[in-house]
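A.B. asks:
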Amino acid sequence: MAIAKQKITLNASRDIPFNKLLLSQSNVRRIKRGETIEDLAASIGRRGLLQSLNVRPVLDGEGNETGMFEVPAGGRRYRALELLVKQKRMAKTQPVPCVVTDAHSEVPIEEDSLAENFQREDLHPLDMFRAFQTLHEQGASHEEIAARFFVSATFVQQRLRLAKVSPRLLEVYEQEGMKLEQLMAFTVTDDHARQEQVWEALEHSWSKEPHQIRRMLTETTVRATDRRALFVGVDAYVEAGGIVLRDLFEADNGGWLQDPALLDRLVGDKLKSTADEIAAEGWKWIVVDVDLPYGHNHGLRALAGTPADLTEEERAQREALRAEYDRLEAEYCEADELPDEVDQRLGEIESALEAFESRPMNYDPAEIGRAGAFISIDRDGDLLVDRGYVRPEDEAPEAVDADAADPQGTTDSEDGGDGPSVRHATITIGAQASEPEEDDGDAIKPLPERLVIELTAHRTLALRNAVAENPHVAITALLHRLVLDTFGQRSSTGCVEAVVRHVHLPAQDSGLKDSASAKAVDERHEAWKGDIPLGDDETLWAWLDGLDDASRHALLAHCVSYGINALFERPNPYSGSGVSQHGLDQRLREADRLSHATGLDMVDAGWRPTVENYLGRVTKSRILEAVREGAGEQAAQLIDHLKKADMAKEAERLLAESAWLPEPLRLSGDDAPADQPAGAEDEALPEFLAGDDDQATADDITAHVVAAE
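Take the sequence shown: its position 8, counting from 1, is numbered -8 in my numbering, and each next residue is one higher.
1) Write down every uninterrupted run of the alpha helix (DSSP H) in the stretch 72 to 157 whose length is 4 residues or greater and which is fully enclosed by it, in chain order.
2) At a threshold of 6 Å, does Phe53 count as lining the ligand GTP (C-beta to nearest heavy atom)?
3) First and last residue of the beta strand (DSSP E) that includes Pro41?
4) Taking only the alpha-carbon atoms, compute the straight-line gap between His456 and Trp183 and give it to the nearest angstrom.
5) Do three or more CB pairs link the stretch 160 to 177 to the stretch 199 to 211 at distances below 8 Å?
6) For Arg363, which three-state DSSP category applies?
7) Out of Gln242, Arg448, His176, Ala235, point me to the one whose CA is closest to Val222's CA.
8) If you run the structure through DSSP and keep just helix, strand and coil, what is Trp267?
9) Report the rounded CA-to-CA distance for His580 versus Thr603, giving the unit in angstroms.
10) Taking Leu24 as the reference, which of Trp591, Arg61, Glu94, Tyr278 has the closest Cα?
11) Exposed or buried, Asp122, counting other C-beta atoms within 10 Å across all chains shown (16 or more means buried)?
12) If we ignore side chains and look at the alpha-carbon of each, how far apart do His408 and Gly353 end up?
13) Can you name the start and end residues of the alpha helix (DSSP H) that Arg31 belongs to?
14) Pick helix, strand or coil for Ala586, following the three-state DSSP scheme.
15) Among Glu553, Phe2, Pro151, Asp364, which one has its Cα closest to the Cα of Arg211?
16) Using 7 Å as the threshold, is the C-beta distance between Val436 and Pro648 below it?
17) Is Val206 closer than 7 Å to Leu144 when the C-beta atoms are compared?
18) Exposed or buried, which one is His442 when buried takes at least 16 other CB atoms within 10 Å?
19) To the nearest angstrom, how far is it from the Cα of Glu722 to the Cα of Ile623?
20) Can you check the stretch 533 to 558 for any alpha helix (DSSP H) of at least 4 residues that lies completely inside it and give the ranges in chain order?
21) Express the C-alpha separation of Asn237 and Arg343 in angstroms, rounding to a whole number.
22) Can you pull the DSSP bridge partners for Gly356?
23) Find out if the Cβ-Cβ distance for the pair His488, Gly279 is shorter than 7 Å.
24) Could you say if the stretch 526 to 535 and the stretch 300 to 320 meet the contact criterion of at least three C-beta pairs nearer than 8 Å?
25) Using a Cβ-Cβ cut-off of 6 Å (strictly less than) and excluding sequence neighbours within five positions of Gly161, which residues of its own chain qualify?
26) So Ala458 and Ala541 are supposed to be a Cβ contact under 8 Å. How far apart are they, rounded?
27) Judging by CA-CA distance, which residue of Val149, Cys479, Val156, Ala208 is the nearest neighbour of Gln762?
28) Considering Cα atoms alone, identify which of Lys(-9), Ala357, Glu46, Pro79 is closest to Ser(-3).
29) Write down the C-beta distance between Leu584 and Ala446 rounded to the nearest angstrom, noting that I regard them as a contact closer than 8 Å.
30) In its own chain, which residues sit with a C-beta less than 6 Å from the C-beta of Lys429, not counting the 5 before and 5 after it?
31) Do you know how far the Cα of Lys268 is from the Cα of Ser397?
32) The alpha helix (DSSP H) with Glu641 in it runs from where to where?
33) Quick check: the Cα distance between Val696 and Val216, rounded to an integer number of angstroms?
34) Find out if the Cβ-Cβ distance for the pair Ala137, Glu127 is shorter than 7 Å.
35) Near Ala130, which residues of its chain fall below 8 Å by C-beta distance, leaving aside the five closest residues on each side in sequence?
36) Excluding sequence positions up to five away, which residues of its chain have a Cβ less than 6 Å from the Cβ of Val42?
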């Protein structure tokens, strides 16, 4: 005979005056987790008590009820009610909804407390997102919702943004097919189609980290820290109809500009407007480019201008700024760290003083008519205007006698020769070299010739800087060259061109002019240029003769450094132009010797593999080879399934802290990769160089190199 199951009897509920309640010592919650009683009290004041207290009658020594009730479950609610009583917002006799458990229950009182806390299930984050969205749609602002639930407005904005992710992806998250951190990454854009496209690409991949999702969603955008965005201003871009993508969950440095074409148009318009203003000054030509290459003024004569005079008011302002700067420096000279406001003020003063020093120069009007200016943007988005350069073909011919010379220095123009002709500048954007095609298999193909030339341009500039910083090596190199020329027979130039002339770098990536080596060489050159009395040969001789030995050595090292040529160049087997194979071998051997002598390390010189300067320019096999050598086999396996563009970006991240260098930047004797490529068809070329590179491009580059020499 079946035994009937005993029916469950629920505990009765009743309203009990607050002053009849007291906290139980059997509450299992001992550790506070950061929730404040004040917030809970404010919530009860707004909404009332949403959850009853769990209580048991208090018994006396004989087991009789005393009329008091202890609270084993609901201690925080009790303390919040107690605070409301103290604040006179609730009467101490206010009835409180309670669930009363039998005082003689077989269930221990501690179990009541544990069960209420242990069996509680937190709200699913997606339910929170949707609830916030509902309140927002009902008219509540971010700040109002934040105040109601005692969180920050940013927290609410983040959750509202999560609720706007593609419904399909929210469903994936709800079914635990995606982590919260991954869902957060998708909030960078509101484009549901793009979100779903990225997820489809990563869904079956074992590598779908949040940073990879963000990168794929923003790969066609422009960073707000890009020089073009800084130059135009994000506000102007938005005003023109541009959209800015923001990441509410991680630092995004201003976000991403979604419309690069619009940004480029705004940059072009602003540069063109500036060019028109500069052209009105009477210059013959103006070259405008977002990013002018290193050595863009090579072979041009710089005009000697005179600084514009300061007014009395400007002089007084400059002296006041200097006095304030000295006072702040003296006041905080012993401080370990400057206060933020003081540091900011010192920066403002430095910028103001620098503006006084970089005032436009005054030039001879006759010279302006044959000279020109360069306009570009620096890395911080500031406009750069470099005036006063004369091209060789625009130099005035020497007069036969005084009467034949044109005192105004003007040239005939289309308007009848009434003044110097002004050609309005055009804005051009330099194009990056094309990338090689994808690999046909896993074979490691040789490097493109242009890439090798660009890499050796980095080495040449770094080697110039290293030689200039080591007068002993510079003098030894110069003496070595002169002794061979004087006492021996030598047909090839070698690495040190002691004539000394500036060896132009015909192929270079956009980062070369901002490298540490370029900045050091330029700063040193400008410092010497400011001291050397140019223009009069006798004066210059006397000045050089009076220098101390240390200064003479340093100046000699600097001059010798400008003859450094460690560039790779395709050997020309035919006589009459270019460099021979023997000459190239000798040049590269001497470059290695100078590198060893100066202790040059291209990693210390600041070169790092990036998508732009290497990884995006080589084949997938080359990328994987670099990651294996620099970060290990396991790191290479993390990216070997990616498309080339994604692989290059991930490789840049993986190699960022490594000391890996491509073959053209390594010294002879450095560890070479274990699996060397099979070699190019032309045995005269280095193994890492492509023998079948685009010939038109290669020939064009070689012509530039020959012209430079």
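Cβ coordinates follow ideal geometry from the N, Cα and C atoms, glycine included.
C.D. replies: Walking through what the data contain:
1) 93 to 102, 109 to 121, 126 to 133, 137 to 147
2) In terms of ligand content, the structure shown is empty, and the ligand GTP therefore cannot be addressed.
3) 37 to 43
4) 60 Å
5) yes
6) coil
7) Gln242
8) coil
9) 31 Å
10) Arg61
11) Checking the sequence shown, residue 122 turns out to be Gln, not Asp. Exposed: under 16 other Cβ atoms inside 10 Å.
12) At His408 the pLDDT is 45, less than 50, meaning the model places this residue with poor confidence and gives no usable figure here.
13) 21 to 31
14) With the sequence shown as reference, residue 586 is identified as Met, and Ala is not the correct amino acid for it. Of the three classes helix, strand and coil, the one that applies to Met586 here is coil, per DSSP.
15) The shortest C-alpha separation from Arg211 is found at Asp364.
16) yes
17) In this structure, Val206 does not lie closer than 7 Å to Leu144 by Cβ.
18) buried
19) Residue coverage of the chain in this structure runs from -15 to 693, which leaves residue 722 outside it and unanswerable.
20) 533 to 545
21) 32 Å
22) Partner residues in the beta bridge of Gly356, as assigned by DSSP, are Trp269, Tyr373.
23) yes
24) no
25) none
26) About 4 Å separates the beta carbon of Ala458 from that of Ala541, a gap short enough to meet the 8 Å contact definition.
27) With the chain covering only -15 through 693, there is no way to say anything about residue 762.
28) Of the candidates Lys(-9), Ala357, Glu46, Pro79, the one whose C-alpha sits nearest the C-alpha of Ser(-3) is Pro79.
29) 6 Å
30) Thr603
31) The predicted position of Ser397 is uncertain, since its pLDDT is 42 and thus under 50; a value taken from the coordinates is nonetheless stated next. Roughly 11 Å separates the two Cα atoms.
32) That residue, Glu641, is in no alpha helix (DSSP H); it is neither H nor E in DSSP.
33) Outside the shown range of the chain (-15 to 693) lies residue 696, about which nothing can therefore be said.
34) A contact, by the Cβ cut-off of 7 Å.
35) Ser136, Ala137, Phe139, Val140
36) Thr50, Met52, Glu54
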